[in-house]
Amino acid sequence: VFQNITRFSVIGSILCDEGVEFLANLTHLKNLSIVRNSKVTGKHIAELSSIEELQLSYCENVSHYYLADILSSLSLRSLDLRHSTFSDVSMHLTNLMWLSCETLVTLKIDWKLEHTITALQTLQALKDIEVRNFNTNSCAICMRDEQIHCSCAEDIQSRLIPRFFRTLIARTNITKLTLEAEILCRNLNYLHHLRHLTHLSIIAKKAWLDGFCIPMNFSQAVGQLVNLEYLYLARFFYCYDDVIYIVDRCRKLNEVRLKQCVGFSDVVPYDLVEVLKHKRTKDQLPFRLYMLNLMVDSSETCSERSRDSNQEVNRFEDIADYIKVIFL
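Under the numbering used here, the sequence shown is numbered contiguously, ending at residue 334.
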């Protein structure tokens, strides 16, 4: 029975390298997920020849040398290394490591300066990339003036981030992008060049006034992504006018997901319907709007209100032909 297992997930340090070696008996294993583990170093994972999707996030003792062995031995399609420590290594090893990943389509990593740019330049099959944990701290003067962009930064990161975006622009086969709001909103001038994107996820790392305050030109920048089909926003503050504008401009957009965004009201779906009536064909409807723990002006969430009564759950039935509103 166990030999038929195709997916194995474990959270916490209950699994060690010896336990990973045992997984070699699972000959049909395709997906391995190890999260928040301080014991696993990556040893023996290269022996799991059937693995196609690998997650080693929040694993603080992953060895770069074992990781290089994994990437040269396995034909991975998806790799998640967020919050794992593997940055203290020579650039030469990093180059060789990424050159081995000829089949990698999805990559989720932390910002590691030149190492991240090297990965982006090298992985030719890559279509979906998520980069997190940029250092977005402003200097004391800009924090005092509440500036989103720190114009005083002269460190190596401030010089490399434009290079990262220019590399991203050149990689037109990358259609799915996930970035932190703080870094993307400081570099909106690059966004209109990413017209090949079909999926865009923007996640605020820090909450400002219980949500991320977006710059005034945010919606105009996203609205230029003519091929956009999917938009995900997390921890934004009063972003609904921007969402309506983006839905109006991006005519291929058919799904928006909002998580922990502040300021929702029942007017929003009805305003979206007015846009959809003029900017979508019948074949493109219904539009899908997913909402998770959205904060209204009071302390309660939309999800809580939806659970309170059947009337709340079904309150958008009159516009169901145009928009499907789902509270998660």
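Beta carbons: idealized from backbone N, C-alpha and C, even for Gly.
Asked                                                                                                                                                                          : Found
For Val268, does the count of other Cβ atoms within 10 angstroms reach 16, so buried, or fall short, so exposed?                                                               : buried
Spatial neighbours of Ser81 within its chain, please: C-beta separation below 6 Å, excluding the five flanking residues on both sides.                                         : Thr109
Determine the DSSP secondary structure at Asp327, reduced to helix, strand or coil.                                                                                            : coil
Per DSSP, what kind of secondary structure is Trp46 in: helix, strand or coil?                                                                                                 : Note that residue 46 is Val in the sequence shown here, rather than Trp. Three-state DSSP puts Val46 in coil, outside helix and strand.
Use the C-beta contact count for Val273: other C-beta atoms within 10 angstroms, 16 or more gives buried, fewer gives exposed.                                                 : exposed
Go to Val228, then tell me how far its alpha helix (DSSP H) extends in each direction, as first and last residue.                                                              : Phe224 to Val228
To the nearest whole angstrom, what separates the beta carbons of Val111 and Arg83, a pair I think is in contact under 8 Å?                                                    : 5 Å
Touch check for the region 232-249 and the region 188-198: three-plus C-beta pairs under 8 Å?                                                                                  : no
Which first and last residues belong to the beta strand (DSSP E) in which Arg138 is found?                                                                                     : Asp134 to Arg138
Give me, in chain order, the residues of the same chain whose beta-carbon lies closer than 6 Å to that of Thr204; leave out the 5 immediate sequence neighbours on both sides. : Thr181, Asn233 and Glu235
How far does the beta strand (DSSP E) with Arg263 in it reach, from first residue to last?                                                                                     : Glu261 to Lys265
Is it right to say Phe28 is buried, meaning 16 or more other beta carbons lie within 10 angstroms of its own, or is it exposed?                                                : exposed
Using the Cα positions of Tyr196 and Tyr276, report the straight-line distance between them to the nearest angstrom.                                                           : 32 Å
List the DSSP bridge partners of Ile40.                                                                                                                                        : Val16 and Leu62
So, using beta-carbon positions, are Leu295 and Ile329 closer together than 8 Å?                                                                                               : yes
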